[in-house]
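Student: If you read the protein sequences in the order shown, they are chains A and B. The first sequence begins at 1 in my numbering and counts up by one. The second sequence begins at 225 in my numbering and counts up by one. Yeah, the Cβ is synthetic: ideal placement off N, Cα and C, and Gly gets one too. Mind looking over this structure? Questions follow.
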Amino acid sequence: MERFIDTFFKPSVIASTWPKILDGMLVTVELALAVVISGLAVGLLLALIRTAQIRLVNAVIIVLVDVLRAVPPLVMVLIVYFGLPNVGLTLPSFAVLWLVLAAVLAAFGEEIFWAGILSVRRGQWDAARSTGLTFIDTLAFVVLPQTIRMVLPPLVNRTIAISKNTALGTVIGVPELLNQATTAVSFISNATPLSLAAIGYLIIFLPVVLLGSWLERRFAFRKA
Amino acid sequence: MDQLLDQFFNLGVMVKAFPLLVRGFGMTLLLCLTVIPLGFIGGLLVALARLSRFAMLRISIRVLTDIFRALPPLVLLILVYSGLPFAGVRLNPFEAVCIAFFLNTSAYYGEVLRAGIESIGFGQWEAARSTGLSASDTFVFVILPQALRNVLPDLVSNTVEVVKLTSIASVVSMTELLYSADMARSVTFNASPVVLAGLFYLVLLWPAVRLAARLEHRVGI
């Protein structure tokens, strides 16, 4: 037991590294928020554009979304981070990670929002339009409110899964939580900073995971 | 434009890196064939435990799944690979990857499978048992097949996620697809090998991604 504490929760190491860990948590939270806000906004926008049913535009969206869903985020991070400087465009690592993860979340978000919009029956559209609402009004006040219930649980779960990928920042040197911890580990040869990082991730993401499962129970799939 | 092509789609570099990437791809497939069945079986056990009569078991598995769903898989992997040696447990990259991904994917498969099993009405149990099937036969031949069908879209998209997850193994120098590509990149100072790796993943996963999207929309309506 003593050995365990000495390896994973050494008090002196906790005392010396917690400020770094806290800095890392802050960066992780900032990055996650940036990804969530921009990713979901773009995802919703793409789904709305898709409702306009312009053939060519929809095809482009579908292909783009498929690619972003099929290629691992770390692959895209490395392509953007190491490729762009050679063509004269150097982005800070924070921006690279933000762009890639926001694009991935936008792709998954688009699929989920689109499935939600499709789930609203045709009759709702017809009824709303026949009362004189415009296409946009129907979408905003009749269709979207009904999709929320269906869309929220998968959206929350997917959003968590993608914002957790902020830990990939370690690979390209974003000073986020995991990076701070691994740097500290290499200086002091003790695993305590890693345990602290794990606790930090739990503090950040556990509440959202619990929110996700609560939503799932709350909006349980209506049995057809 | 030429510069972009040269940097991201340099055919000469891609051709040279191709054999290396094929070898890496083999390792990626091996990883998938290990991690997916392990995670699926783990998930099945998690789902059964979550539906068990014993409150202690239910609650402790629930807490564990929540924890493993909140931790980024890369954090788990680095904890196992670089954390455990300080406690005297030294694992090779393959073992570390299998353990870390097992913890992560069992939690996710567990959630999906639990939802599937819960979606089957209790009448199915009663009917199956009353025909003389044992409890385990009922589960394997009556409940599970229906449960799997009900959560098929989630199973497919979760499996796609697991395959993508294996790319993280490159961080602990497992010589899989992305690691090989990144090695080629650092030798050639050209991003084309990594783009090629992306194409490998795309070819492997596109059919599954399409399938998942179709299934999701069908259930959506």
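(1) Give me, in chain order, the residues of the same chain whose beta-carbon lies closer than 6 Å to that of Ser38 of chain A; leave out the 5 immediate sequence neighbours on both sides.
(2) Where Lys164 of chain A and Leu295 of chain B are concerned, what is the direct C-alpha to C-alpha distance, given to the nearest angstrom?
(3) Give every residue of the same chain whose Cβ lies closer than 7 Å to the Cβ of Ile188 of chain A, excluding the five residues on either side of it in the sequence, and list them in chain order.
(4) Using only CA atoms, which one of A:Met150, A:Ile61, A:Ser213 and A:Ala128 lies nearest to Pro142 of chain A?
(5) Mapping DSSP to helix, strand and coil, what is Ala224 of chain A?
(6) By DSSP, does Ile5 of chain A sit in helix, in strand, or in coil?
(7) Taking only beta-carbon positions, decide if Thr17 of chain A is within less than 8 Å of chain B.
(8) Quick check on Ser189 of chain A: does DSSP put it in helix, strand or coil?
(9) Note down the Cα distance separating Ala320 of chain B from Asp406 of chain B, rounded to an integer number of angstroms.
(10) Residues of chain B with a CB under 8 Å from the CB of Ile79 of chain A: which are they?
(11) For Leu337 of chain B versus Ala271 of chain B, is the C-beta spacing smaller than 8 Å?
(12) What does the alpha-carbon distance come out to for the pair Pro377 of chain B and Ala106 of chain A?
(13) Suppose the cutoff is 7 Å on Cβ atoms and the five residues either side in sequence are ignored; what does the same chain contact list for Leu281 of chain B look like?
(14) Could you confirm whether any beta carbon from chain A is found closer than 8 Å to the beta carbon of Asp214 of chain B?
(15) Please state whether the Cβ-Cβ distance between Glu440 of chain B and Glu111 of chain A is less than 8 Å.
(16) So, does the CB of Pro72 of chain A fall closer than 8 Å to a CB anywhere in chain B?
(17) When you check each C-beta in the stretch 154-170 of chain A against every C-beta of chain B, which residues fall closer than 8 Å?
(18) Mind listing which residues of the stretch 293-320 of chain B have their C-beta closer than 7 Å to chain A's C-betas, in chain order?
(19) Mind the definition here: the stretch 17-30 of chain A touches the stretch 185-202 of chain A only if three or more C-beta pairs lie below 8 Å; say whether that holds.
(20) Could you tell me whether any Cβ in chain A is nearer than 8 Å to the Cβ of Ile445 of chain B?
Tutor: The short version:
(1) For the purposes of this step, residue 38 of chain A is taken as residue 38 along the first sequence, with counting starting at 1. Here the set comprises Ala102.
(2) Counting from one through the first sequence, the residue named residue 164 of chain A turns up at place 164. Counting from one through the second sequence, the residue named residue 295 of chain B turns up at place 71. The straight-line gap from Cα to Cα measures roughly 7 Å.
(3) By 1-based counting over the first sequence, the position of residue 188 of chain A is 188. Excluding positions up to five away in sequence, the list reads Val13.
(4) To locate residue 142 of chain A, count along the first sequence from 1; it is residue 142. Inspection of the sequence shows that residue 142 of chain A is occupied by Val rather than by Pro. Comparing Cα positions, the closest option is A:Ala128.
(5) Within the first sequence, numbered from 1, the residue matching residue 224 of chain A stands at position 224. Any answer about Ala224 of chain A is weak, because its pLDDT of 38 lies below 50 and its placement is not dependable; what the coordinates show is given next. Note: Ala224 of chain A maps to coil in three-state DSSP.
(6) In the first sequence, residue 5 of chain A corresponds to position 5, counting from 1. Reduced to three states, the DSSP call for Ile5 of chain A is helix.
(7) In the first sequence, residue 17 of chain A corresponds to position 17, counting from 1. Taking Cβ atoms only, chain B never reaches closer than 8 Å to Thr17 of chain A, which makes this a no.
(8) For the purposes of this step, residue 189 of chain A is taken as residue 189 along the first sequence, with counting starting at 1. Coil at Ser189 of chain A, not helix or strand.
(9) Locating residue 320 of chain B in the second sequence gives position 96, counting from the first residue. Locating residue 406 of chain B in the second sequence gives position 182, counting from the first residue. Ala320 of chain B and Asp406 of chain B: Cα-Cα distance of roughly 21 Å.
(10) Taking the first residue of the first sequence as position 1, residue 79 of chain A is located at position 79. The contacting residues are Phe232, Ala415, Val418, Val419 and Gly422.
(11) Counting from one through the second sequence, the residue named residue 337 of chain B turns up at place 113. Counting from one through the second sequence, the residue named residue 271 of chain B turns up at place 47. Yes. Within cutoff.
(12) Translated into positions along the second sequence, residue 377 of chain B becomes position 153. Translated into positions along the first sequence, residue 106 of chain A becomes position 106. Roughly 19 Å between the two C-alpha positions.
(13) Mapped onto the second sequence, residue 281 of chain B falls at position 57. Only Ala273 meet the Cβ criterion.
(14) In the structure as shown, chain B starts at 225 and stops at 445, and residue 214 of chain B therefore has no counterpart that could be examined.
(15) Here residue 440 of chain B is taken as the residue at index 216 of the second sequence, counted from 1. Here residue 111 of chain A is taken as the residue at index 111 of the first sequence, counted from 1. Yes. Within cutoff.
(16) In the first sequence, residue 72 of chain A corresponds to position 72, counting from 1. At least one chain B Cβ lies under 8 Å of Pro72 of chain A.
(17) Within the stretch 154-170 of chain A, those residues whose Cβ lies closer than 8 Å to any Cβ of chain B are, in chain order, Ile160, Ala161, Lys164, Asn165, Thr166, Ala167, Leu168 and Thr170.
(18) Of all residues in the stretch 293-320 of chain B, only Arg293, Ala294, Leu295, Pro296, Leu298, Val299, Ile302, Leu303, Ser306, Gly307, Phe310 and Ala311 place a beta-carbon less than 7 Å from a beta-carbon of chain A.
(19) yes
(20) As a first step, residue 445 of chain B is located in the second sequence; it is residue number 221 there, counting from the start. Note that Ile445 of chain B scores 38 on pLDDT, short of 50, meaning its location in the model is unreliable; the coordinates nonetheless yield the value given after this. Judged by the 8 Å Cβ criterion, Ile445 of chain B is in contact with chain A.
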